[in-house]
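Protein chains in written order, with my numbering: chain H, -15 to 403; chain X, 398 to 843.
Shown next, in the form of structure tokens:
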């Protein structure tokens, strides 16, 4: 049986960071990277740009074969993890072969969550999570005249914008009362919605598809209120769920709820098993409860911590807890959200909106500490804001100036506190 | 050996927030004078002091790890984090990843922008009217020197934080294996260059002359090598005591005869190896074990050395040597430049290099402060960096204009702790006088 000291499963941000962290401390230990994807490593976050054609599919790769060779990593693509046998420290692959490991990292990411809508299995639809999905969608967009996007998260909105720009009539159907729910607040969502409707898209929020059936051009959708929509292109972008089916049927094994439960050093309840990235459920920054924080910056952070912990790097620091961080570009405008959108008891919300410039800022404080900050067309350094949140910096002396100019005042604080 | 990179350094004490660096950056990079589009951002105020937001070209950069498009890469040749406009998708995630505001949105283009050091010639640096920004290019020395053989033994018995060990290793690396080394009594042999238990501390021939005859013996050795037709560099590394006091007659004689040797003086301003006695290079007011602080005798309190230091390098200029220079390890590029010239000059005649070398033990400052003390000595004009050759005369290699007050230097160490205001004003007066003297000489020689 093939043996390896470190087995990293997955090939996106968390996995790649773990490889870097392991090699920083242990340059010799055998290291194998396993991924079901057949392409070189890439980020799911770049895929909307492959769909739009802005990023050629062959120029998005984060590493090449030489990287793995130089770092002495046995890189196995096209090999999915079928089952984890943690009790005997082996991983079973899709082809039935097994690899024995000393330490394993599960960085298997997530896959589209397909809603249980009757008839969905009868029609052709797109999802967007892999490079192959993106390439297919890129081709389909060019043909589409009537497109429907289910789900107004960032993936759905990105794709919808591409469809609009390609000339299709586009309808976005979203269950929640607003677009980009969970990323941006109602005011920001209004601005995003207006940008889409100004460009000809139809937005149906608070709306749900109850039935699907094949039609002459593609699919016929029936909404809760009885109206019907016909689509020659249907994109299902209603969220993601972690890839952890390899844990099924293992009895008393790796604990998982919505994701794989991990400690502050990304270790699971089972010896020699770590998890990081979109498949992990780790401590939140605002709550001790374990949360899903499936965003790119957190995946790199978790991957780094997991790699350091696996390699026994004494420099490893406990995970501070997940802070939501999102950026979103729409029709030439940008939106940034850093931190929690929830206003706790005794919390303070400050907003400022300039209709002329379309600049919008919202900040949430508790005891003069920043909890979250949101901007549309208002640029601030997200990384600096995140530090202000993580360090719980007392802003009482500078709050007014901070709200007027978070960019400059944030940089001043940075240069005094942690430069 | 790891690679070292050039870097833009910022001295907040010198910055007055004028913003000329931002204008220069914006002009170069955007063709406008819009400071908000500058990639270097000065923040702060007169009251709180000014600070900097600028890409640090991190060795383990977070912006690169969070880029989903592979648009940011650490360039291991230049050290710069490169940004690709063709790969970037304007997602701004890098700005969320960087905790130092080193990469930000340029509203003028809609793309992120970051410092690329203008391909090694940053426009901001020469634009600063106060020298608050400097482009540190010393890395090229370390990258080059790192590949050369270290000709000293791995373990030397120097004090912790010793400047002389640094100087010895750099000098011998540069001079190379075709060298014969003379080290008279002092710290250089004391820390082991002449060896222990029958082995030498160097990988080249080394000998241990008397304090009095270093230059004479070395001159003879060099002549013998010439006679047998071997081209070697004859190098002395001597302390200030050995050179300026009892060894001076042989030094002066060799210089007068224009012997083809390179004589380097490591000036730590006293006999530090034997217990920190004063030498003729010890400055006025300094504590040494022979110029103590206390009640004194005959009603005259003892307050450190009561005479001024001898200016040995200026005396050497008056020998009209092939080359004379002063140097400091805080200014490595300058030192290497002078070392190159001194080696070349030593093939024609007498070359003299005087290196100011702070002593953690004898001067009483923390062991991690050697470079800082060496730098302050130059910044206050307590010592001056210049070079001389008979053709071009004497000229400064580091500006002596706008010096810091000498107290900035004096308070950095314990040997001046006892100084009275009168003593401080005496020292400040001497600094001014010395500068005027060297300037006059520079003028006359030119």
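All C-beta atoms in this analysis are idealised placements derived from N, C-alpha and C, irrespective of residue type, glycine included.
Near chain H, meaning a CB-to-CB distance below 7 angstroms, the residues of the stretch 425 to 452 of chain X are 438, 440, 441, 448, 449, 450.
Neighbours of residue 484/X in chain H, taken as residues whose beta carbon is under 8 angstroms from its own, are 39, 43, 44 in chain order. Those residues of the stretch 27 to 38 of chain H placed with their C-beta closer than 7 angstroms to a C-beta in chain X are 27, 29, 30, 33, 38, ordered along the chain. Chain-ordered, the chain X residues with CB closer than 8 angstroms to the CB of residue 367/H read 459, 492, 493, 494, 495, 496, 497, 498. Following the DSSP letters along the chain, one finds residue 131/H inside the beta strand (DSSP E) bounded by residues 130 to 134. Among the residues of chain X, those whose CB is under 9 angstroms from the CB of residue 363/H are 489, 492, 501, 502, 504, following chain order. Distances from the alpha-carbon of residue 17/H to those of 284/H, 56/H, 179/H, 356/H put 56/H closest. Residue 52/H sits in a helix when the DSSP states are folded into three classes. Interface with chain X (8 angstroms Cβ-Cβ cutoff): residue 371/H is included. For the stretch 617 to 700 of chain X, the full-length beta strand (DSSP E) segments reaching 3 residues or more read 630 to 636, 659 to 664, 690 to 694, 697 to 700 along the chain. In the structure shown, residue 601/X adopts coil according to DSSP, grouped into three states. Contact annotation for residue 467/X against chain H: 44, 45, 46 [CB-CB distance below 7 angstroms, chain order]. Using a Cβ-Cβ distance cut-off of 8 angstroms, the stretch 258 to 269 of chain H and the stretch 240 to 249 of chain H are in contact, since at least three pairs of beta carbons, one from each stretch, lie closer than that value. Sequence-ordered contacts of the stretch 276 to 292 of chain H with chain X read 280, 281, 284 [C-beta pairs closer than 7 angstroms]. Within the stretch 165 to 178 of chain H, not one residue has a Cβ closer than 7 angstroms to any Cβ of chain X. If you draw a 10 Å sphere on the C-beta of residue 482/X, you find fewer than 16 other C-beta atoms in it, and that means exposed.
In this structure, DSSP gives residue 804/X a helical state, which the three-state scheme calls helix. Shortest Cα-Cα distance from residue 719/X to any of 409/X, 656/X, 708/X involves 656/X. Chain-order list of chain X residues neighbouring residue 399/H: 440, 441, 448, 449, 450, by C-beta distance under 8 angstroms. Within the stretch 608 to 626 of chain X, not one residue has a Cβ closer than 8 angstroms to any Cβ of chain H. Excluding the 5 residues flanking it on each side, residue 122/H has same chain C-beta neighbours closer than 7 angstroms at 34, 35, 37, in chain order. DSSP places residue 123/H in the uninterrupted alpha helix (DSSP H) bounded by 115 to 127.
An exposed status is given to residue 100/H, since fewer than 16 other beta-carbon atoms sit within 10 Å of its beta-carbon. An exposed status is given to residue 764/X, since fewer than 16 other beta-carbon atoms sit within 10 Å of its beta-carbon. Comparing alpha carbon positions, the residue from 40/H, 349/H, 75/H, 197/H closest to residue 270/H is 349/H. Rounded to the nearest angstrom, the Cβ distance from residue 124/H to residue 110/H is 6 angstroms, consistent with a contact under 8 angstroms. DSSP places residue 743/X in the helix class (H, G or I) of the three-state scheme. Nearest to residue 509/X by C-alpha distance, out of 670/X, 495/X, 768/X, is 495/X. Assignment of residue 540/X by DSSP, reduced to helix, strand and coil, places it in the helix class.
Taking all protein chains in view, the Cβ of residue 822/X is surrounded by fewer than 16 other Cβ atoms within 10 Å, so the residue is classified as exposed.
The criterion of a C-beta distance shorter than 8 angstroms is satisfied by residue 462/X and residue 1/H. For residue 767/X, the uninterrupted alpha helix (DSSP H) run begins and ends at 767 to 776, by DSSP. Taking 8 angstroms as the cut-off, the Cβ atoms of residue 554/X and residue 589/X count as close. Residue 155/H has its alpha-carbon roughly 14 angstroms from the corresponding atom of residue 137/H. Counting along the chain, residue 479/X sits inside the beta strand (DSSP E) bounded by residues 478 to 480.
Closest in C-alpha terms to residue 165/H, from the list 402/H, 107/H, 326/H, comes 326/H.
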